[in-house]
Amino acid sequence: MRLDMPNFLQLLGVSYAYPERSAAVSAVNLQMAAGEIHCLIGRSGCGKTTLLKLAAGLLSPQHGQVLLNKRAVTAPLPEMGFVFQAPTLLDWLNVRDNVLLPLSLHRAVTPDDHRQAEQWLERLGLANVSQVKADKLSGGQQSRVAIARALITRPSVLFMDEPFAALDAITRDELQHDFLKLCQAEGTTVLFVTHDIGEAVYLGDRVSLMQDGAMSKPLAIDLPRPRSATLRYAAPFNALCAQLRQAMDEGTTHAA
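Next comes the structure, spelled out in structure tokens:
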């Protein structure tokens, strides 16, 4: 996390309401540093996915504004990457071509692009399936391909909406660990939506709780990096999980 860029991604008084419904997001303020992993947690319908879409320019705020590196966000920008719960791979393409898709949609793919794709697949443990069609992969492999596809453009900020929610617990833990190593190596800024408290604490530099469209003061996750799998059994980790769970059970957005 770069302390010299504390306001890399800013949400300033952002509000949004769907027609004939109460506010999905209400006057949210958030400042994220470059390289920060910020996790949003909350129950279904609390507004966390809507907030992510506002931050990414997929929705336009009805009040307030979003800034990325001091530039107004009114639509998704080239330096943004996205990973959603469904990997949305193209079944008729092989793994490498799926990873190259963000590049091939805009220009001719170069030999260097192919080398980069193979490097990402190697880093994500997929080198041996680069020529396999996407529909032949396991769920965990498909999620890894989606991450490689998002990172091949080297985005400055990555938006992730419950990308590991459909995976079994062991695969999910492994993928969280590998994803964390990649983001730290690349210095990628990440806004990560999840309903899993343990996932938020393991990945995040800070965690914010959303409730009825409002967001808590972020809770700093003061745990050492790099984070190992054994951290999940440590007392400080479980204390932070308990603090966030208590805040959710109390229905409050004052997690910190």
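Each residue of the sequence shown is one higher than the one before, starting from 13 at the first, in my numbering. Don't be surprised by glycine CBs; every beta carbon is placed ideally from N, CA and C.
Counted within 10 angstroms of its Cβ, other Cβ atoms place residue i as buried (16 or more) or exposed
i, result
"Asn41", "exposed"
"Ile182", "exposed"
"Tyr30", "exposed"
"Pro110", "Note that residue 110 is Asn in the sequence shown here, rather than Pro. Buried is the call here."
"Glu211", "buried"
"Gly54", "buried"
"Leu71", "buried"
"Arg274", "With the chain running from 13 to 268 in the structure shown, residue 274 is simply not present."
"Arg127", "exposed"
"Ser220", "buried"
"Gln143", "exposed"
"Ala247", "exposed"
"Arg161", "buried"
"Leu4", "Residue 4 lies beyond the stretch modelled for the chain, which goes from 13 to 268, so this question has no answer here."
"Leu163", "buried"
"Ala259", "buried"
"Ser34", "exposed"
"Thr86", "exposed"
"Arg83", "exposed"
"Thr62", "buried"
"Ala254", "exposed"
Residue i to residue j span [Cα, whole Å]
i, j, result
"Ala68", "Phe204", "12 angstroms"
"Asn19", "Leu80", "8 angstroms"
"Lys60", "Lys145", "33 angstroms"
"Pro99", "Gly216", "22 angstroms"
"Asn250", "Ile159", "28 angstroms"
"Gln74", "Ser27", "6 angstroms"
"Pro238", "Lys193", "8 angstroms"
"Ala226", "Val37", "6 angstroms"
"Phe176", "Leu52", "14 angstroms"
"Lys148", "Leu138", "13 angstroms"
"Trp104", "Thr200", "30 angstroms"
"Arg244", "Arg119", "43 angstroms"
"Asp261", "Trp132", "40 angstroms"
"Leu235", "Val213", "9 angstroms"
"Leu136", "Gln196", "14 angstroms"
"Met172", "Asn106", "23 angstroms"
"Glu134", "Phe191", "13 angstroms"
"Thr129", "Leu117", "Here the sequence assigns Ala to residue 129, which means Thr is not the residue at that position. Distance between the alpha carbons of Ala129 and Leu117 is about 15 angstroms."
"Leu187", "Gly151", "11 angstroms"
"Gly76", "Pro123", "44 angstroms"
"Asp50", "Leu113", "First, the residue type needs correcting, since residue 50 is His and not Asp in the sequence shown. Answer to the nearest angstrom: the Cα atoms are 27 angstroms apart."
In DSSP terms, what residue i is bridged to
i, result
"Val1", "Because the chain here runs from 13 to 268, residue 1 falls outside it and cannot be looked at."
"Val144", "BP columns for Val144 are empty, so no partner."
Beta carbon proximity, residue i to chain C, threshold 9 angstroms
i, result
"Asp185", "In summary, chain C is missing from the structure at hand, where a single protein chain is found."
Near the ligand ADP: residue i beta-carbon under 8 angstroms from a heavy atom
i, result
"Gly216", "Ligands displayed in this structure: none; no statement on the ligand ADP is therefore possible."
- At what residue ranges does the region 53–122 contain a whole run of the beta strand (DSSP E), taking only runs of 3 or more? 75–80, 92–96
- Evaluate the contact criterion for the region 230–237 versus the region 90–98: three or more CB pairs, one atom per stretch, below 8 angstroms. no
- Message: What ranges does the alpha helix (DSSP H) occupy inside the region 177–260, keeping only unbroken runs of at least 4 residues that lie completely in it?
- Response: 181–198, 209–215
- Message: Under 8 angstroms: do the region 156–168 and the region 55–69 share three or more Cβ pairs, one atom per stretch?
- Response: no
- Query: Okay, do the region 178–195 and the region 150–164 touch, 3+ Cβ pairs below 8 angstroms being the bar?
  - Reply: yes
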